[in-house]
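Structure, as structure tokens:
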Amino acid sequence: MRVCVVGKGGAGKSMVAGTMARLVAQRGERVLALDADPMPSGMARSLGTKDAPEPLLADAMERKDGGPWRLKSGIGPVTAVRRYAREAPDGVLMLQLGKITLEDHPAFLAATQAFWQLARRLDEVRTFRDWSLIGDTPAGPRQIAADFHPYADTYLVVVEPTWQSVLTARRAAKLARMREARVLPVANKVRGDADRKLIEERLKEPVVAVLPFDEDIKESDRLGIPLVDHAPTSRGVRAIEKVIAIIDARAV
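This note's numbering applies: residue 735 is where the sequence shown begins, and numbers increase by one.
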């Protein structure tokens with residue numbers, strides 16, 4: 735599985751990406767979760783771990799005489815994951831771009847370059863060929879345009895029944911298709927068939943799956959507990975399991 739989850743801020747990207755990673759790991763696969771969102775807590779909380787206290791990937795970079803940022807000698811994807819990835823429940827490993835602060839701005843810039851360069855090399859090494867790679871992104875389509883996730887052959891576009899979310903989803907889907915990736919729109923926070931129809935009419939294409947408006951999701955977020963731990967049999971978890979099955983089927 736090579737999946738990147740995109741959409742408007744607040745659409746539920748991190749919840750979907752983190753829950754997917756845990757569910758895939760629970761079926762026995764090795765999973766690398768790639769958190770490219772510079773805002774705190776989203777994917778880490780959905781996985782059941784904590785954000786790194788600093789942009790760890792900055793340590794992987796060097797910049798000589800004002801030249802371009804380069805990975806230090808001997809640091810490739812395998813070494814970077816071994817050194818800088820954080821372990822989450824079910825054996826998931828999470829590699830973070832880093833969370834931005836004013837104090838660590840130079841380190842954040844270095845970590846951003848490291849993430850971008852490492853992402854381009856993930857498919858070059860044998861180690862990760864039988865792993866599932868699941869990426870979380872910041873709000874909007876900027877990282878798709880900058881090709882932060884070249885490992886992804888599938889973009890899961892999460893969209894809720896609001897115009898802002900639909901417009902962001904349209905742009906994200908267009909950019910992903912320009913990269914010749916498979917696009918799977920997923921409706922989230924759906925209260926009924928009318929919400930689904932509204933999303934599809936505005937999106938101008940059908941969604942492949944529907945995630946219901948689920949009080950268990952709201953409560954897990956309020957408590958800061960991963961959905962798979964708070965309510966493993968909830969409607970939200972079952973719906974995300976169906977999304978995984980759709981991705982599996984379309985990858986064959």
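The C-beta atom is built at its ideal place from N, Cα and C for all residues, glycine as well.
Since the model is a prediction, treat every value here as computed from it, not as a measurement.
Just verifying my parser: in three-state terms, what is the DSSP assignment at residue i?
i      : result
Ala921 : strand
Pro940 : coil
Val826 : coil
Asp887 : coil
Ile834 : coil
Val859 : coil
Glu821 : strand
Glu796 : strand
For residue i and residue j, which I take to be in contact (beta-carbon distance under 8 Å), what is that distance rounded to the nearest angstrom?
i      : j      : result
Met773 : Val758 : Actually they are not in contact, since the Cβ atoms of Met773 and Val758 sit about 24 Å apart, beyond 8 Å.
Val815 : Leu827 : 6 Å
Ile868 : Val765 : 6 Å
Thr902 : Pro875 : 7 Å
Asp923 : Glu894 : A small fix is needed here, since residue 923 is Lys in this sequence, not Asp. Between Glu894 and Lys923 the Cβ distance is about 4 Å, and since that is below 8 Å, they are a contact.
Asp785 : Lys833 : 5 Å
Ala886 : Leu909 : 12 Å between Cβ atoms; not a contact.
Asp881 : Arg913 : 7 Å
Leu791 : Tyr818 : 6 Å
Pro872 : Ala853 : So it is not a contact: roughly 14 Å between Cβ atoms.
Which residues mark the beginning and the end of the alpha helix (DSSP H) in which residue i is found?
i      : result
Val815 : Pro811 to Tyr818
Thr846 : His839 to Ala853
Met912 : Trp897 to Met912
Val962 : Leu961 to His964
Leu957 : Glu949 to Leu957
Arg876 : Arg876 to Ala879
Using C-beta distances below 7 Å, list every residue in its chain close to residue i, excluding the 5 sequence neighbours before and after it, in chain order.
i      : result
Glu796 : Arg804 and Lys806
Ile809 : Ala794
Leu937 : Val893, Val900, Ala903, Arg904 and Pro919
Only counting the same chain, and skipping five residues up and downstream in sequence, which positions put a Cβ closer than 8 Å to that of residue i?
i      : result
Ala943 : Leu918, Val920, Ala921, Ala973, Lys976, Val977 and Ile980
Thr753 : Ser780, Pro960, Leu961, Val962, Gly970, Val971 and Ile974
Arg911 : Val917
Ala822 : Ala755, Arg756, Ala767, Ala778, Leu781, Gly782, Thr783 and Met828
Could you please give the first and the last residue of the uninterrupted beta strand (DSSP E) stretch that includes residue i?
i      : result
Arg736 : Arg736 to Gly741
Ser866 : Ser866 to Asp870
Any heavy atom of the ligand SAH inside 6 Å of the beta-carbon of residue i?
i      : result
Pro772 : Inclusion of the ligand SAH in the displayed structure is not the case, the ligand content being empty and no account of it being possible.
Excluding the 5 residues preceding and the 5 following residue i in the sequence, name in chain order all residues of the same chain whose CB lies nearer than 6 Å to its CB.
i      : result
Ser748 : Gly776, Met777, Ser780 and Asp870
Ala907 : Val891 and Val917
Ala965 : Asp950
Phe862 : Leu856
### Uninterrupted alpha helix (DSSP H) stretches inside the segment 761-785 (no shorter than 4 residues)
776-781
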